[in-house]
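> Quick note: the sequence shown uses our numbering, first residue 76, plus one each step.
A virtual CB, placed ideally from N, CA and C, is assigned to each residue, including glycine.
Everything numeric in this text was worked out from a predicted model, so none of it was measured.
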Amino acid sequence: MSAGRSLLTRRRGNVWVRSGIILLVVFFIWVQMNFLTFTNTSVQNQEYTNESNAIFNMVPSVLHKFLTPRPRNTTHSNGTVINTAYKPILNITEIKKVIAQYNLQQTVHNEDIFGPLQNDSVIIVVQVHDRIKYLRHLIVSLAQAQDISQALLVFSHDIYDEEINSLVQSIDFCKVMQFFYPFSIQLHPNEFPGADPNDCPRDIKREEALIKKCNNAPFPDLYGHYREAKFTQTKHHWWWKANRVFNQLEVTKNHTGLVVFLEEDHYVAEDFIHVLKLMESTCKTSCPQCNILSLGTYLKTFSYYGDPKKKEVMRTIKQQAILNAAQMQPSWTFQVLPSLYQHSQKVAITAPFTTD
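1. Pick out whichever of Ile246, Ala292, Asn194 and His311 has its Cα sitting closest to the Cα of Leu138.
2. The alpha helix (DSSP H) with Gln244 in it runs from where to where?
3. Classify Ser94 as buried or exposed, calling it buried when 16 or more other Cβ atoms lie within 10 Å of its own Cβ.
4. Buried or exposed, going by whether 16 or more other CB atoms sit within 10 Å of the CB of Lys280?
5. Pull up the CB-CB distance for Cys275 and Tyr235, whole angstroms please, since I reckon it's below 8 Å.
6. Quick one, which of Phe230, Ile286 and Ser224 has its alpha-carbon nearest Arg211's?
7. Where DSSP assigns a beta bridge to Glu338, which residues make up the other side?
8. Distance check for Glu355 and Cys365, CA to CA, integer angstroms please.
9. Kindly confirm or deny that the stretch 184-200 and the stretch 297-314 touch, where touching means at least three C-beta pairs closer than 8 Å.
10. Three-state secondary structure (DSSP) at Phe254?
11. Does DSSP classify Phe230 as helix, strand or coil?
12. Could you check the C-alpha separation between Ser136 and Ala129 for me, to the nearest Å?
13. If you draw a straight line from the C-alpha of Lys316 to the C-alpha of Phe336, how long is it?
14. Taking Ala284 as part of the alpha helix (DSSP H), name the residues at either end of that continuous run.
15. Any idea if Tyr123 is buried or exposed, counting beta-carbon neighbours within 10 angstroms, 16 or more meaning buried?
16. Can you find a heavy atom of the ligand FAD that lies under 7 Å from the Cβ of Gln308?
17. What are the boundary residues of the alpha helix (DSSP H) that includes Lys328?
18. Taking DSSP as the reference, what is the three-state secondary structure of Val197?
19. Return the first residue and the last residue of the alpha helix (DSSP H) that Arg211 is part of.
20. For Glu325, tell me which candidate among Lys172, Leu165 and Gln180 has the shortest Cα-Cα distance.
21. Beta-carbon within less than 6 Å of Ala218's beta-carbon, same chain only, minus the 5 sequence neighbours each way: which residues are those?
22. State the Cα-Cα distance for the pair Tyr177 and Tyr373, rounded to the nearest angstrom.
23. Please tell me whether Ala226 and Pro268 are closer than 8 Å, where the distance is taken between their beta carbons.
24. Skipping 5 residues on each side, what residues in its chain have a beta carbon closer than 7 Å to that of His341?
25. Might you give, ordered along the chain, the residues of its own chain that have their beta carbon closer than 7 Å to the beta carbon of Phe189, omitting 5 neighbours on each side?
26. Check the DSSP bridge columns for Asp274 and list the partner residues they point to.
27. Quick check on this structure: which residue in Val343, Trp314 and Glu266 has the alpha carbon closest to the alpha carbon of Val215?
Rendered as structure tokens:
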């Protein structure tokens with residue numbers, strides 16, 4: 076009996092020892108994993124800090140404010156937290172009222188500092204979605220551009236966002252205007268021109284779409300795809316923005332100068348306005364038929380003169396243009412149809428009209 080009890084006691088002791096060893100191993104692994112996570116996080120934070128410091132070092136200190144997000148919350152002594160930088164989140168109906176007011180007022184900020192827009196001044200139009208990090212760097216690059224104080228900087232938004240608004244309205248180096256695309260997905264989340272619940276799936280076959288009777292079933296695009304609201308919005312916004320600038324603003328009514336179209340993720344060189352004016356001057360003598368100038372391209376290499384046939388065609392066009400070009404005032408010759416936003420269509424349809 077005594078030997079049996081001793082054996083049982085040893086077995087129980089072995090179980091406790093094994094359990095203790097297992098727990099020790101698990102604890103050791105847990106410590107190692109947390110240490111590695113902490114180390115990786117520290118390294119990432121250090122890398123982020125180094126990157127941020129490097130960026131700040133390349134930017135004049137007076138422009139750091141455009142790269143620094145404003146604090147969102149402040150804690151009072153009674154423990155309550157309030158938002159000191161941004162207004163409360165608005166619902167769709169409230170946003171529609173706010174942007175309608177923006178679009179109606181057509182306010183030009185900083186006009187009291189830099190004076191009214193001259194007819195030959197450069198207008199810079201920026202199409203903005205929601206990528207504020209890119210927008211911050213674009214604004215920094217614009218702030219450092221030569222002669223920017225003489226330009227009008229216009230922001231066209233398809234998202235109403237208080238943080239973005241605050242950033243844009245903090246610009247103090249030139250005249251600034253904001254307006255808002257009223258047919259955005261944000262304002263029409265469940266209907267055209269947003270994503271309608273009855274929209275055809277992008278990759279559905281035409282035959283299946285006809286059976287399903289989804290929107291625009293008979294009309295896929297050239298690649299057999301159906302409308303995607305987020306991509307269509309970009310196109311519609313571009314055309315609406317262009318017509319807004321050329322046809323609907325009081326400040327541009329008598330404008331005859333250059334209009335530059337940018338997007339929130341672009342970045343400009345310090346001399347881009349100077350180069351643009353040189354290009355305009357060159358066009359008057361060397362390419363009078365040119366109506367669009369490009370300050371940049373997404374292609375790494377591009378040359379019309381690499382092909383002898385293209386070179387000959389370009390020479391012929393240039394000679395003909397010089398002989399026949401008449402002195403004509405610049406004009407915008409495309410108009411978005413008003414019916415575009417009244418029913419479902421896949422792409423932005425435009426109709427040419429003459430202003431003469």
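If we stick to the structure as given:
1. Shortest Cα-Cα distance from Leu138 to any of Ile246, Ala292, Asn194 and His311 involves Ile246.
2. Start and end: Glu237 to Gln244.
3. Burial call: exposed.
4. By the Cβ-count criterion, Lys280 is exposed, with fewer than 16 other Cβ atoms from all chains shown falling within 10 Å of its own Cβ.
5. Not quite, the Cβ-Cβ distance comes to about 29 Å (not below 8 Å), so this is no contact.
6. When only C-alpha atoms are compared, the closest one is Phe230.
7. DSSP, once it has assigned bridges, lists Gln202 as partnering Glu338.
8. Between Cys365 and Glu355, the C-alpha separation is close to 9 Å.
9. Output reads no: the stretch 297-314 does not touch the stretch 184-200.
10. In the structure shown, Phe254 sits in a strand (DSSP, three-state: E or B).
11. Reduced to three states, the DSSP call for Phe230 is strand.
12. So the alpha carbons of these two residues sit roughly 12 Å apart.
13. Between Lys316 and Phe336, the alpha-carbon positions lie close to 10 Å from each other.
14. Run containing Ala284: Arg281 to Lys287, per the alpha helix (DSSP H) assignment.
15. Residue confidence for Tyr123 is low, a pLDDT of 45 falling below 50, so the modelled location carries little weight; the figure read from the coordinates is stated next. Label assigned to Tyr123: exposed.
16. Within the structure as shown, the ligand FAD is missing, as the structure has no ligands at all.
17. Lys328 -> no alpha helix (DSSP H), and no H or E assigned at all.
18. In the structure shown, Val197 falls within a coil segment according to DSSP collapsed to helix, strand and coil.
19. That run of the alpha helix (DSSP H) goes Ile207 to Ala218.
20. When each option's Cα is compared against that of Glu325, the closest is Gln180.
21. Excluding positions up to five away in sequence, the list reads Leu138 and Phe248.
22. When rounded, the distance between both Cα atoms is 33 Å.
23. No, Cβ-Cβ distance for Ala226 and Pro268 is not below 8 Å.
24. These residues qualify, in order along the chain: Leu213.
25. These residues qualify, in order along the chain: Ser224, Cys249 and Lys250.
26. In the DSSP output, where bridge partners are listed per residue, Asp274 has Asn290.
27. For Val215, the closest alpha carbon among the candidates Val343, Trp314 and Glu266 is that of Val343.
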